[in-house]
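The structure appears right after this line, and notes come after that.
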Amino acid sequence: MDDKTEEEEQTDDEKEDKQHAEFVRMADQSLDRFRDTHSEPQQQFIVDAFVETGEIPTGEAFGIEEVEAAVVETAFT
Numbered sequence: 190m191d192d193k194t195e196e197e198e199q200t201d202d203e204k205e206d207k208q209h210a211e212f213v214r215m216a217d218q219s220l221d222r223f224r225d226t227h228s229e230p231q232q233q234f235i236v237d238a239f240v241e242t243g244e245i246p247t248g249e250a251f252g253i254e255e256v257e258a259a260v261v262e263t264a265f266t
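Quick look at the structure:
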C-alpha cells in the first residue's frame with residue numbers, strides 16, 4: 190500500500206501547471222471585476238498605458254490594486 194498523498198505524487202510539471210491554472214482563474218476574476226467597474230474608454234486608456242509602458246497601471250486613480258496587476262501579469266506571461 191502506498192502512503193504517499195496525491196500532492197506528493199504530482200510531478201514538478203503537474204504542480205506548476207496546477208499553480209498556473211490557479212493564477213489564470215484568479216486573473217479571470219480580476220479581469221471580470223475590471224470590466225464591470227471600468228467604462229470602455231477607461232479600459233482602453235489602461236490597455237494603451239500597458240502597451241506603452243509594459244506595466245499595468247495601479248493605484249486608486251486606476252482602480253487596480255498592485256496584487257491584481259501582479260496576478261494578471263503572472264497568469265499571462
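Under my numbering, think of the first position of the sequence shown as 190, with each following residue one higher.
The C-beta atom is built at its ideal place from N, Cα and C for all residues, glycine as well.
Note that this is a predicted model, so its numbers are computed, not measured.
Sheet register partners of residue i (DSSP bridge)
i	result
E248	Correcting the residue identity first, residue 248 is Gly in this sequence and not Glu. For G248, which the question treats as bridged, DSSP gives the partners I253.
Straight-line Cα distance separating residue j from residue i
i	j	result
V261	M215	8 angstroms
F223	A238	15 angstroms
I245	S228	17 angstroms
Q199	V213	20 angstroms
Q208	D202	10 angstroms
D221	E254	14 angstroms
T242	E211	26 angstroms
Q231	T247	13 angstroms
V240	D217	19 angstroms
Residue span of the alpha helix (DSSP H) that contains residue i, given as start and end
i	result
T226	D201 to T226
T266	Here T266 belongs to no alpha helix (DSSP H), and DSSP marks it neither H nor E.
Residue from the options with nearest C-alpha to residue i
i	options	result
T263	D237, I235 and D206	D206
E249	T226, D217, A210 and K204	T226
F234	K204, D217, F265 and G252	G252
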